[in-house]
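Protein chains in written order, with the UniProt record's numbering: chain A, 1 to 144; chain B, 1 to 517.
Have a look at this one:
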């Protein structure tokens, strides 16, 4: 249900504009397919935290079947969903312990965890860092 | 229980014999009965109200009678014979009502109540009896009509509607569509549709009763409807009476509940004197009752069952009861003083109450999530410095303690036993913390005195020692220069620690001097 209420980016141009438009907020884009169950879960979490993090992050959704421009570049095809973070047109990396620092592609347990990750990334981004360490280690998800 | 049964059986026998008599002399019946009734109407009414045993009665009817054999069902109703009288009285009192309103009010205030007032109170009890009778006849009709159209009783739950529908469709299930318009007057269109569908389904397996049995059913239905009619008449009678009698209260909670409250308290004066907190518990059937039909709410009395509260959700009932009972008592006082016979204030209260109920029923406003602050890291305002460093050092772990927490590799640790018999390891604290030389003891953690405290202590000591010094000076140095004394005092200031010893020494020298002299 969460996907209904969040802003969708319909073309590659929209995605670019979304990333470029924000000056002092994190841009969080969820690439994925709304009808898949795992994607629904993350959409629900993102929708629920939207109000709370609006001071330092904006959240968008992007359907990878409609917008195929980034599928190859960001390797979006393999996962049910991919959450990526940008700050001032710069891709933010986060060391989750999963081996892939570029994106968040695993289901997160609750809202607070997501908020913590966003806050950490924002803090790092504000200091000019490109890579931050996640507040929680998700290396247990590695072998799944 | 046996007594009850016996009584019932007696009742039954007597009524049956009576009925036989009646059947024999059908023409005389109305005359006889009416004469009987007029003589003992009050007594019969009283008796009726006292022997209020509906449940066992119904059972007795079903067990003992063999319903099929009975041709006249009037005897099953206790109220039915009283109907003509009731009607007469209602007519009588409702004619009078305009003239005797003031009179009626005065009865209520006094202890000796007239018959009219008693009747007014009895009407309330009778209405419950009539309801019970209606239930009995409903069951009777259901039992008999089951063979024709069993589904109807589950489709139409209201006894009166059920009886009316039975009289309309009789056994003619196949042509039920002809009665559609009549049915629509009684029940909703959807319900009519359902009834017709069920009837058409039923036609195939229908069991046709003979005319006599059908006649019985119809007569039962007739009695039921008659009872309903008298019930309506009674309630309009009460409404009219109470609208004049307690206009403000009945404007708030309706005439039925008003009469119930009046009966429970005894009179309007009593009701006006009742504290409002006691009002909800009036009419609570039985506090220790175990019946499952009881509401969850403890004070399920008359007010709880009134129309205002009946359909409210449980969680606001409590506060609504409190609001209403407060207003009812106020209205009762107004009615007692008879200052507003039109009931305007009661209506005003009702409006107020319904506004409050609306307010209670509105769901709480949904508050949006509060946005979190931007997670910016602020530099701490505290900077370094000698004082700040010392302050931090005071709370830090001492070197000795750190050394105690370390262990030397491959050596047994020194231990001591403390007062509680616990073994405490000394770690490297004895051997010098792995460094050459002894561990430096942190002097910052020593007990400290504030400046003010230190000067106060100094002053005190100074005063003490000064006394001795004065003596000493006077004895030892009678002609000493003031400069010498001054220098003495200066040194005292610096060596206050020595002062404690000094008096003894001076005394000793003093005594020596005296000996010498």
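All C-beta atoms in this analysis are idealised placements derived from N, C-alpha and C, irrespective of residue type, glycine included.
Kindly list, in the order they appear in chain A, the residues whose Cβ is closer than 7 angstroms to that of residue i.
i	result
residue 376 of chain B	126
residue 312 of chain B	Residues of chain A passing the Cβ test: none, with the nearest at roughly 33 angstroms.
residue 371 of chain B	51, 52, 54 and 55
If you measure from the beta carbon of residue i to each beta carbon in chain B, is any gap under 7 angstroms?
i	result
residue 122 of chain A	yes
residue 119 of chain A	yes
residue 51 of chain A	yes
Closer than 7 angstroms, CB to CB, is residue i near chain A or not?
i	result
residue 56 of chain B	Because the pLDDT at residue 56 of chain B is just 47, under 50, the model does not fix this residue reliably, and the value given afterwards should be weighed accordingly. With 7 angstroms as the cut-off, residue 56 of chain B does not count as an interface residue toward chain A.
residue 246 of chain B	no
Alpha carbon to alpha carbon, how far is residue j from residue i? Give it in angstroms, no decimals.
i	j	result
residue 203 of chain B	residue 215 of chain B	20 angstroms
residue 302 of chain B	residue 270 of chain B	16 angstroms
residue 420 of chain B	residue 462 of chain B	44 angstroms
residue 313 of chain B	residue 368 of chain B	27 angstroms
residue 406 of chain B	residue 425 of chain B	10 angstroms
residue 305 of chain B	residue 261 of chain B	12 angstroms
residue 17 of chain A	residue 387 of chain B	54 angstroms
residue 231 of chain B	residue 156 of chain B	20 angstroms
residue 34 of chain A	residue 71 of chain A	16 angstroms
residue 124 of chain A	residue 132 of chain A	6 angstroms
residue 5 of chain A	residue 47 of chain A	7 angstroms
residue 43 of chain A	residue 3 of chain A	6 angstroms
residue 11 of chain A	residue 68 of chain A	9 angstroms
residue 447 of chain B	residue 394 of chain B	11 angstroms
residue 22 of chain A	residue 64 of chain A	22 angstroms
residue 265 of chain B	residue 229 of chain B	29 angstroms
residue 183 of chain B	residue 300 of chain B	36 angstroms
residue 87 of chain A	residue 62 of chain A	17 angstroms
residue 427 of chain B	residue 104 of chain A	48 angstroms
residue 142 of chain B	residue 208 of chain B	15 angstroms
residue 136 of chain A	residue 130 of chain A	18 angstroms
Is any heavy atom of the ligand NAP found at a distance shorter than 6 angstroms from the C-beta of residue i?
i	result
residue 262 of chain B	What this structure holds is no ligand at all, so the ligand NAP is not there to describe.
Taking Cβ-Cβ distances shorter than 9 angstroms, what residues in chain B pair up with residue i?
i	result
residue 178 of chain A	Residue numbering for chain A in the displayed model covers 1 to 144; residue 178 of chain A lies beyond these limits and cannot be assessed.
Can you name the residues of chain A whose CB is closer than 8 angstroms to the CB of residue i?
i	result
residue 368 of chain B	51
My output table needs one value for residue i: the three-state DSSP class, helix, strand or coil.
i	result
residue 415 of chain B	strand
residue 35 of chain A	coil
residue 84 of chain A	strand
residue 225 of chain B	helix
residue 92 of chain A	strand
residue 457 of chain B	helix
residue 232 of chain B	helix
residue 480 of chain B	Because the pLDDT of residue 480 of chain B is 47, which lies under 50, any placement of that residue in the model is unreliable, and the number read from its coordinates should be weighed accordingly. Residue state, collapsed to three classes: coil.
residue 60 of chain A	strand
residue 408 of chain B	coil
residue 14 of chain B	Residue confidence is low: residue 14 of chain B scores 44 on pLDDT, short of 50, so the model does not pin down where it sits. No coordinate-derived value is stated.
residue 423 of chain B	strand
residue 28 of chain A	strand
residue 132 of chain A	strand
residue 82 of chain B	helix
residue 138 of chain B	helix
residue 104 of chain A	strand
residue 554 of chain B	There is simply no residue 554 of chain B to check, as chain B begins at 1 and stops at 517 in what is shown.
residue 9 of chain A	strand
residue 53 of chain A	coil
Give a yes or no on whether the minimum CB-CB distance between residue i and chain C is below 7 angstroms.
i	result
residue 217 of chain B	Of the protein chains in this structure, namely A and B, none is chain C.
Would the segment 354–368 of chain B and the segment 317–333 of chain B be scored as touching if the rule is three or more Cβ pairs under 8 angstroms?
Inter-segment contact for the segment 354–368 of chain B and the segment 317–333 of chain B is present: three or more beta-carbon pairs are separated by less than 8 angstroms.
With three or more beta-carbon pairs closer than 8 angstroms as the criterion, would you say the segment 147–164 of chain B touches the segment 189–209 of chain B?
Contact between the segment 147–164 of chain B and the segment 189–209 of chain B is established, with three or more Cβ pairs separated by less than 8 angstroms.
Inter-stretch contact (C-beta, 8 angstroms, three-pair minimum) for the segment 56–76 of chain A and the segment 19–36 of chain A
The answer is yes - the segment 19–36 of chain A touches the segment 56–76 of chain A, with three or more Cβ pairs under 8 angstroms.
Give a yes or no on contact between the segment 75–82 of chain A and the segment 34–51 of chain A, applying the rule of three or more CB pairs nearer than 8 angstroms.
The segment 75–82 of chain A vs the segment 34–51 of chain A: in contact.
Validate contact between the segment 216–236 of chain B and the segment 134–145 of chain B using beta carbons, cut 8 angstroms, 3 pairs
Proximity of the segment 216–236 of chain B to the segment 134–145 of chain B meets the contact definition, three or more beta-carbon pairs being nearer than 8 angstroms.
Could you tell me whether the segment 331–346 of chain B touches the segment 236–254 of chain B, using the rule of 3 or more Cβ pairs below 8 angstroms?
A contact between stretches requires three or more CB pairs, one per stretch, nearer than 8 angstroms, and the segment 331–346 of chain B meets this requirement with the segment 236–254 of chain B.
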